[in-house]
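Sequence positions in the sequence shown follow the working numbering and run 1 to 296. Notes follow once the structure below has been shown.
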Amino acid sequence: MVYLYKLTHTQREVLEALVKLYEKHRRLIKSIEIAEMIGKDEGTVRNIISSLRSLGLLESKTGPSGGYIPTLKAVELIKMPPVASYGVIRVKKKGEETSVNAFAIEIIDILNPEGGKAILRVGGDIEELKEGDEISVGPAPYTRLYIEGKIVHIDRASGQIAVKIKRMVSVPREAVGEFASKKLVTLSPKQSLRDAASLLFKRKIRGAPVVEGNRIVGIITTTDIAKAYSEGNLKAKVEDYMKKHVVTIREDEDILDAIKLMDLHGVGRLIVVNAVGEPKGIVTRTDVLKRISALT
1 MVYLYKLTHT QREVLEALVK LYEKHRRLIK SIEIAEMIGK DEGTVRNIIS
51 SLRSLGLLES KTGPSGGYIP TLKAVELIKM PPVASYGVIR VKKKGEETSV
101 NAFAIEIIDI LNPEGGKAIL RVGGDIEELK EGDEISVGPA PYTRLYIEGK
151 IVHIDRASGQ IAVKIKRMVS VPREAVGEFA SKKLVTLSPK QSLRDAASLL
201 FKRKIRGAPV VEGNRIVGII TTTDIAKAYS EGNLKAKVED YMKKHVVTIR
251 EDEDILDAIK LMDLHGVGRL IVVNAVGEPK GIVTRTDVLK RISALT
């Protein structure tokens, strides 16, 4: 598991700073920003970053507009408590993570017409939660179970929480390439925003990757186009307003990985690529939700 990585104190300090800065700004992070945050020399930070990159814990982009972003493994490493367990899941309240972790879930009264219940064995600061709170848990690492419900009882002495289930689904084990849209609409950097807007409207989509040859160089959405028009740049080109950081996922990766990537990067679509990074399709948050709801 990711949290079994043995990082030095300095490596963990740099990685924690990178994750915090990325979650705050949602953009490529400069090494100088990390250095300033942890009070270390930028040269030292760059050396540490090199070792973290070799572990697959961050990605980088060179050049004046370059920087670093944490990988999904890095976020799991920083946020997952280092305990020996079948896995732990952070409990969320109103969509926000708490410091309470669930490490066992038992489903009871599943045939009760008034609705089943889940008993969570938890650790952490249970005082963050109270009866009546709406919470969610999951997806669990192995069963991939996701539960939403209302807390009906808390036993602080035993560390157990009873939840009346409102919604329960199991995320299917399925590669994104099996349900992603293969009719990929692409744009070129030099294309006018007017042409891009017309194409997105005709295809009834909200965004498309920007491609040069077989290489993805950006992504543009209807929000980016609206921004250009609001600024009066009616003659702008796609490259002027496209986002250069594109979140991709391999076609053989799992639907659960897609969910995690979307949450990590705060995006609603992922470009699906093959093993050599060529764009092959697109998967949206709506596609994922439809796939899950079709199997519940």
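We treat Cβ as the ideally placed atom computed from N, Cα and C, and that holds for glycine. Being a predicted model, the structure only gives us computed values, none of them experimental.
- Secondary structure of H153 (DSSP, three-state): strand.
- CA-to-CA, the gap between E106 and Q160 works out to about 11 Å.
- Within 10 angstroms of the beta-carbon of I110 lie fewer than 16 other beta-carbons, which makes it exposed.
- Following the DSSP letters along the chain, one finds R250 inside the beta strand (DSSP E) bounded by residues 248-250.
- Secondary structure note for S136: its beta strand (DSSP E) is the uninterrupted segment 134-137.
- Per DSSP, the continuous alpha helix (DSSP H) segment holding N47 begins and ends at 42-54.
- Across the set A74, L58, K73, V75, the C-alpha of L58 shows the shortest separation from the C-alpha of G67.
- By a beta-carbon distance limit of 8 Å, G149 contacts V163. Their separation comes to about 4 Å.
- A check of alpha carbon separations from P141 across K243, L256, I249, K183 identifies L256 as the nearest.
- For G207, the number of other beta carbons within 10 angstroms of its own is at least 16, and it is reported as buried.
- Under DSSP, the beta-bridge partners assigned to Y146 are V169.
- With 16 or more other Cβ atoms from the protein chains shown falling within 10 Å of its own Cβ, S31 counts as buried.
- Rounded to the nearest whole angstrom, the C-alpha separation of M242 and L28 is 15 Å.
- Membership of V176 in any beta strand (DSSP E) is not indicated, and neither H nor E is assigned to it by DSSP.
- Residue pairing of E212 in beta bridges, as defined by DSSP: R215.
- Look at R291 here: in three-state DSSP terms it is helix.
- Around N214, the same chain offers E278 as residues with beta carbons nearer than 6 Å, after the five sequence neighbours per side are excluded.
- The C-beta distance from V88 to L52 rounds to 23 Å, too long to fall under 8 Å, and the pair is not in contact.
- Under the three-state reduction of DSSP output, R121 falls in the strand class.
- In the structure shown, S99 adopts extended strand secondary structure according to DSSP, grouped into three states.
- Apart from sequence neighbours up to five positions away, the residues of its chain that approach Q11 with a beta-carbon distance below 7 Å are I48, S51, L52, ordered along the chain.
- Rounded to whole angstroms, the separation of the alpha carbons of V210 and I282 is 12 Å.
- Residue range 193-203 is occupied by the alpha helix (DSSP H) that includes R194.
- Note: R90 is bridge-paired with N101 in the DSSP secondary-structure output.
- Between A226 and L193, the gap from beta carbon to beta carbon reaches 8 Å or more.
- Counting along the chain, V238 sits inside the alpha helix (DSSP H) bounded by residues 238-241.
- In this structure, V137 places its C-beta atom within 8 Å of the C-beta atom of A102.
- Distance from V217 to L199 at the Cβ level is roughly 17 Å; contact not present, criterion being Cβ atoms closer than 8 Å.
- Nearest Cα to S99 within the set G116, V122, G115: V122.
- Contact between G56 and T44 is absent: CB atoms are separated by about 21 Å, not below the 8 Å threshold.
- In this chain, the beta strand (DSSP E) harbouring E59 covers 58-61.
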